[in-house]
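Structure first, commentary second.
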Amino acid sequence: MKSFIQWTSEGKSARLVSGPTTDIKAERLIAMVKWFINEHAHRLTPVVNSQELRDLMAQYADLPVLHRLRLKRLLHDLEMKNGEREPNFSFASDWKSHFAQWPVFCFVVDSYWCVRASTSYEMALAGYTEEDMYYWSWWHRLTASQRGQPKFDRDSKRYSLRGPYSEAYYSIQMGQFLADTEALREANDKRYHAVMELLNSTDRFAEVYKAGVSQIDLHQQSFGLPVPFFRSDGALLWMLEVSSAIPKTDNYRLIAWIPLNQDSAEYQGEIQRQVDVGGKYSKKAYFIEDYAQHFSPTQRFALGVR
């Protein structure tokens, strides 16, 4: 019997599945994959492995999304049969290794609001580059700098990202930060004081802090907030900011951006495609520990890295 790879990958262009319509081509492809997986299930010697199936799927990236998702389901079933995947939610116990596998529009913060990790998609959405991460101020939500220029600076690109909503949004955000870190202040936490010293050294922080004090009582509980993205390409996207606790961590939270309308969702998909093929970002996920060498000892202590 010819192997899966002989039928599907050797002489790739000659062996691509064809059909009079895209849907018929996809149905033929899926039927073929199902046959090989069924053969694999009851034969002693392996018939197909998951990497071979991934290679095959890469040749049909132009299929309609439903058919691509059906192929991914078949890949999932094969991984289950091969013992490569367990029917559990291991993200809950090992978020860091899975974070790179599921690079959505999100980032992770700790209880001090220091950024622990981000994805290339989230960076592209906000207009960041990898060089921005060399500055300590990129790694805190209340500075979120570009090339070291904090977002509260009215001349920064990050400030313009929120358009006419900037001052109102940052006041709300500061109020949420103060509510979230109340226990750290009351405990006279040393790292919290180190964080505040860094933040107070940045432009306009004290001014926004003062405005945020009046917002504390409104933000005793986290809530989703519609947030505008006035991008440099002229597009306006509306996203829902959603925060979720990550279990088995020191109060880490996952912050995700969810599109609020169809156009924003469609353009979010376009941003993903640009990242995947553009080569602007060298990784799917970025972690603060990989940039610790760029920070001073004081900055490392405040950011919680060694």
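Just so we're aligned, residue 577 is where the sequence shown starts under the numbering used here, counting upward by one. Built from N, CA and C at the ideal position, the CB exists for glycine as well.
Using only the alpha-carbon positions, how far apart do residue i and residue j sit?
i: residue 689; j: residue 858; result: 25 Å
i: residue 734; j: residue 728; result: 8 Å
i: residue 695; j: residue 853; result: 15 Å
i: residue 761; j: residue 697; result: 34 Å
i: residue 820; j: residue 847; result: 23 Å
i: residue 619; j: residue 644; result: 27 Å
i: residue 881; j: residue 783; result: 28 Å
i: residue 599; j: residue 641; result: 11 Å
i: residue 699; j: residue 721; result: 12 Å
i: residue 818; j: residue 682; result: 9 Å
i: residue 827; j: residue 595; result: 53 Å
i: residue 631; j: residue 672; result: 26 Å
i: residue 745; j: residue 625; result: 50 Å
i: residue 612; j: residue 657; result: 13 Å
i: residue 838; j: residue 872; result: 44 Å
i: residue 731; j: residue 650; result: 50 Å
i: residue 806; j: residue 759; result: 34 Å
i: residue 808; j: residue 654; result: 43 Å
i: residue 580; j: residue 652; result: 17 Å
i: residue 719; j: residue 775; result: 7 Å
i: residue 614; j: residue 629; result: 14 Å
i: residue 751; j: residue 757; result: 10 Å
i: residue 788; j: residue 716; result: 17 Å
i: residue 863; j: residue 597; result: 44 Å
i: residue 743; j: residue 660; result: 49 Å
i: residue 726; j: residue 687; result: 20 Å
i: residue 706; j: residue 855; result: 12 Å
i: residue 785; j: residue 755; result: 12 Å
DSSP three-state call for residue i: helix, strand or coil?
i: residue 598; result: helix
i: residue 803; result: strand
i: residue 635; result: coil
i: residue 808; result: coil
i: residue 625; result: coil
i: residue 630; result: helix
i: residue 619; result: coil
i: residue 605; result: helix
i: residue 593; result: coil
From the beta carbon of residue i, is the nearest beta carbon of chain C less than 8 Å away?
i: residue 871; result: Annotation note: the requested chain C is absent from the structure, which comprises a single protein chain.
Near residue i, what residues of its chain come up, given a Cβ to Cβ distance below 7 Å and the 5 sequence neighbours on each side ignored?
i: residue 646; result: 606
i: residue 804; result: 738, 739, 741, 812, 814
i: residue 676; result: 860, 861
i: residue 867; result: 709, 710
i: residue 875; result: 712, 774
Can you name, in chain order, every residue of its own chain whose Cβ lies under 6 Å from the Cβ of residue i, other than the five neighbours on each side?
i: residue 639; result: 602
i: residue 710; result: 870
i: residue 865; result: 881
i: residue 780; result: 728
i: residue 824; result: 669
i: residue 841; result: 835
On the premise that residue j lies in contact with residue i, defined as a C-beta separation below 8 Å, what is that separation, rounded to the nearest angstrom?
i: residue 724; j: residue 713; result: 6 Å
i: residue 816; j: residue 836; result: 6 Å
i: residue 663; j: residue 861; result: Contact flag wrong, Cβ pair sits at about 24 Å.
i: residue 592; j: residue 627; result: About 19 Å; that fails the 8 Å criterion.
i: residue 748; j: residue 801; result: 7 Å
i: residue 691; j: residue 822; result: So it is not a contact: roughly 13 Å between Cβ atoms.
i: residue 616; j: residue 609; result: Residue 616 to residue 609, Cβ: 10 Å. No contact.
What does a CB cutoff of less than 8 Å around residue i pick up in its chain, not counting 5 residues either side in sequence?
i: residue 877; result: 767, 770
i: residue 763; result: none
What alpha helix (DSSP H) runs, 4 residues minimum, are completely inside the segment 812–880? You should have 838–854, 873–879.
Restricting to runs no shorter than 4 residues, where is the alpha helix (DSSP H) found entirely within the segment 643–713? Taking only runs of at least 4 residues, the alpha helix (DSSP H) segments lying wholly in the segment 643–713 are 671–675, 696–702.
Segments assigned alpha helix (DSSP H), at least 4 residues, entirely inside the segment 758–787: You should have 758–762, 766–776.
In the segment 716–758, which residue ranges form an unbroken alpha helix (DSSP H) of at least 4 residues, counting only runs that do not cross its ends? Listed in chain order, they are 733–736, 742–756.
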